[in-house]
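Structure first, then comments.
Residue numbers (the working numbering): 22 to 337.
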């Protein structure tokens, strides 16, 4: 983290449409994973409204086409493209990257799962939350690196979570092969991995004109990400630095930080950082579900995770 935190005119209640207002993305191409549900829809809608050519990378292409039609109708812009991508399946990731041609200006790693109640594994044998939230997007970014570099000024946006404060990456047991499975430990590890990915991607790829940042979108109770959780009353948390909890948001507000990192000129050249409520987050304080944990921005951890992830891919 730099000497001073990056601030913007936006905050917890800002919407994605407000963040992108006045920004012209004509001629820029964007991919949004999980773009047919939750904050992915609003992220894609806002980028499309600003003129970007948006590709919805989705597991359910029927849902993707319905979403694309809705976005086109609501924005009056070109119909977003739809391509199949199961981010938890490395074969699907390879098919997506192999089929991509031309530059890519924005990659929003948005798709994810949370609190899978029992230990499940991907086809590669990886714990499912780690496989989906980190490894799929890691492989996707690697496969699209040439396209991102070709763009000359590209951005990667990694959607993380306040859940990262629940624990670091366990490098001795990434896939819960020895320790007892806990859904929140697994989720927290995968979300820490998202931040570490952004740190190391920026370090490695800044010379290619590629920036990478991570973010906490806030808690958005209405999205499918919450499907493994029991219904419970949601206590609102004000979106300010004195709050003890993560901001609870609408879908439109939840997409705002993603769109800020993807499109705003306020973030030109900025990388390797973690944002919440449309501003760079300060250090996490014990007992408060806000901020960023030191281990999630640690350069040594980031480099180690990158190497470990390459090793996992090499073994597939």
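Beta carbons are placed, not taken as given, at the ideal position from N, Cα and C, and that holds for glycine.
Please name the residue or residues paired with residue i in a DSSP beta bridge.
i: residue 78; result: 54 and 104
i: residue 30; result: Partner(s): none; residue 30 has no beta bridge.
i: residue 301; result: 296
i: residue 269; result: 240
Compare the beta carbon distance of residue i and residue j with 7 Å and say whether it is the shorter of the two.
i: residue 78; j: residue 102; result: no
i: residue 84; j: residue 100; result: no
i: residue 299; j: residue 35; result: yes
i: residue 223; j: residue 292; result: yes
i: residue 267; j: residue 295; result: no
i: residue 143; j: residue 132; result: no
i: residue 234; j: residue 214; result: no
i: residue 175; j: residue 231; result: yes
i: residue 130; j: residue 179; result: yes
i: residue 206; j: residue 184; result: no
i: residue 216; j: residue 317; result: yes
i: residue 342; j: residue 128; result: Past the edges of the chain, shown from 22 to 337, lies residue 342, and the structure says nothing about it.
i: residue 124; j: residue 73; result: no
i: residue 208; j: residue 136; result: yes
i: residue 199; j: residue 126; result: no
i: residue 281; j: residue 40; result: yes
i: residue 196; j: residue 148; result: yes
i: residue 269; j: residue 240; result: yes
i: residue 330; j: residue 159; result: yes
Taking only three categories from DSSP, how would you classify residue i?
i: residue 260; result: Since pLDDT at residue 260 reaches only 36, below the 50 mark, its modelled position is unreliable, and no value is offered.
i: residue 221; result: helix
i: residue 278; result: helix
i: residue 232; result: strand
i: residue 208; result: helix
i: residue 286; result: helix
i: residue 296; result: strand
i: residue 203; result: coil
i: residue 310; result: coil
i: residue 325; result: helix
i: residue 36; result: coil
i: residue 61; result: helix
i: residue 23; result: Note that residue 23 has pLDDT 47, beneath the 50 cutoff, so the model's placement of it is unreliable and the number below is only indicative. Reduced to three states, the DSSP call for residue 23 is coil.
i: residue 47; result: coil
i: residue 117; result: helix
i: residue 331; result: helix
i: residue 196; result: coil
i: residue 191; result: coil
i: residue 123; result: coil
i: residue 317; result: helix
i: residue 337; result: coil
i: residue 90; result: helix
i: residue 248; result: Note that residue 248 has pLDDT 39, beneath the 50 cutoff, so the model's placement of it is unreliable and no number is given.
i: residue 83; result: helix
i: residue 291; result: coil
i: residue 66; result: helix
i: residue 184; result: helix
i: residue 73; result: coil
i: residue 255; result: In this predicted model, residue 255 has a pLDDT of only 34, less than 50, meaning its place in the structure is not dependable; the value taken from the coordinates is given anyway. Coil.
i: residue 109; result: coil
i: residue 99; result: coil
i: residue 42; result: coil
Nearest to residue i by CA position, among the options, is which residue?
i: residue 271; options: 295, 110, 59 and 28; result: 59
i: residue 64; options: 156, 273 and 80; result: 273
i: residue 97; options: 67, 104, 121 and 123; result: 67
i: residue 146; options: 179, 111 and 292; result: 111
i: residue 71; options: 301, 136 and 38; result: 38
i: residue 182; options: 169, 212 and 200; result: 212
i: residue 46; options: 286, 328, 320 and 325; result: 286
i: residue 42; options: 69, 202 and 199; result: 69
i: residue 319; options: 221, 333, 276 and 311; result: 221
i: residue 162; options: 306, 289, 115 and 282; result: 115
i: residue 297; options: 241, 278, 228 and 91; result: 278
i: residue 334; options: 32, 48, 109 and 81; result: 109
i: residue 156; options: 171, 190, 126 and 228; result: 190
i: residue 120; options: 81, 76 and 140; result: 76
i: residue 309; options: 170, 33 and 186; result: 186
i: residue 229; options: 165, 281, 197 and 32; result: 165
i: residue 326; options: 210, 288, 117 and 201; result: 210
i: residue 193; options: 322, 94, 307 and 81; result: 322
i: residue 324; options: 226, 32 and 113; result: 226
Taking 6 Å as the cut-off, is the CB of residue i close to at least one heavy atom of the ligand MN?
i: residue 155; result: Among the components of this structure there are no ligands whatsoever, and the ligand MN is therefore not found.
Under 7 Å, Cβ to Cβ, is there at least one residue of chain C near residue i?
i: residue 274; result: The question asks about chain C, but that chain is absent: this structure has only one protein chain.
- Would you mind listing the alpha helix (DSSP H) stretches within the region 127 to 182 that are 4+ residues and don't spill past its ends, in chain order? 157 to 164 and 166 to 172
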